[in-house]
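Chains A and B are the protein sequences, given in the same order. Just so you know, the first sequence maps onto residues 1 to 114 in the working numbering. Just so you know, the second sequence maps onto residues 1 to 114 in the working numbering.
2 protein chains.
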Amino acid sequence: MTKPPKTAPRPGRRVRGSTTGRPVMVLLDLLGRRWVLRVLWELRGDPLTFRALQAACGGLSPSVLNARLAELRDSKIVEQRPDEGYALTRQGRELLAQLAPLTAWSEKWVKSLD
Amino acid sequence: MTKPPKTAPRPGRRVRGSTTGRPVMVLLDLLGRRWVLRVLWELRGDPLTFRALQAACGGLSPSVLNARLAELRDSKIVEQRPDEGYALTRQGRELLAQLAPLTAWSEKWVKSLD
DNA sequence: GTTCTTGCTACTGAAATCGTAGCAAAGATG
DNA sequence: CATCTTTGCTACGATTTCAGTAGCAAGAAC
């Protein structure tokens, strides 16, 4: 009874809700995991240490943070730099750039609620 | 001991990891819930019925789908049209448009893995 | 009437997450 | 040297969320 190894979802592999492993499905699986979007968001500026990142996310549990960071490192979206902490990779920054307009959208969105 | 009512996260209210309720934080909380991104993605085209949407997402459980749909309706991102099924609202389509470039990004991303 | 489909609720077990405690390593301070 | 702090992270039980299956009420088609 060996436990299945837990890793980040990978293109070509089966992921949640998709047997094809199409890249965009894999990405949606990865980004849809709790705290992932937030972590990327908090890394939009300078690199953050583990604890700083944890604090920035409002004190999420270190076990979950560590799991998410492992997945994001595995996916080459985040990297760990010695003496600096965690930072987005080049492609991680590209990904975040796609997400940047969400701020503006969310401001408009607020007004439509109440 | 009344249970707290379960609703979608709302701007101005406390959300996971943020006491300020800043719009973008609320949005990240909402989008980071399991299946939300995928559901939006599957609604990019024509409206889908509940069951069609469920099938498109690879057979996720109806209870979760219903919960997500309730949140997204509450957030005015998805609407239910009589005799058509579920569809994105206007602002829902705008939101998805922000996310559209993810397909292209994910294709590049794949090549960087292995 | 029966047979479909559709939208959804109910229920149980599994998995993910939370919250807290704490430890080993490295650096600063005395 | 000793001690204090910070940092990255692991362990563990409690809670929440999700998965998976069953099934029901309402409507349409027959």
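Every residue, glycine too, gets a C-beta built ideally from N, C-alpha and C. Note that the structure is predicted; figures quoted are calculated from it, not measured.
If only uninterrupted alpha helix (DSSP H) runs of at least 4 residues are considered, those enclosed by the region 30 to 72 of chain B are 36 to 42, 50 to 56.
For alanine 87 of chain B, the pairing in a beta bridge is given by DSSP as B/Glu79. With its beta carbon at least 7 Å from every one in chain A, threonine 49 of chain B lies outside the interface. Burial state of glycine 59 of chain A is exposed, judged by a 10 Å Cβ sphere holding fewer than 16 other Cβ atoms. Rounded to the nearest angstrom, the gap between the Cα atoms of leucine 69 of chain B and arginine 38 of chain B is 12 Å. Its Cα nearest to that of cysteine 57 of chain B, the residue A/Gly17 stands out among A/Gly17, A/Pro101, A/Ala52, A/Lys108. Residue range 102 to 112 is occupied by the alpha helix (DSSP H) that includes threonine 103 of chain A.
Segment contact: the region 43 to 58 of chain B against the region 22 to 33 of chain B, fewer than three CB-CB distances shorter than 8 Å; contact not assigned.
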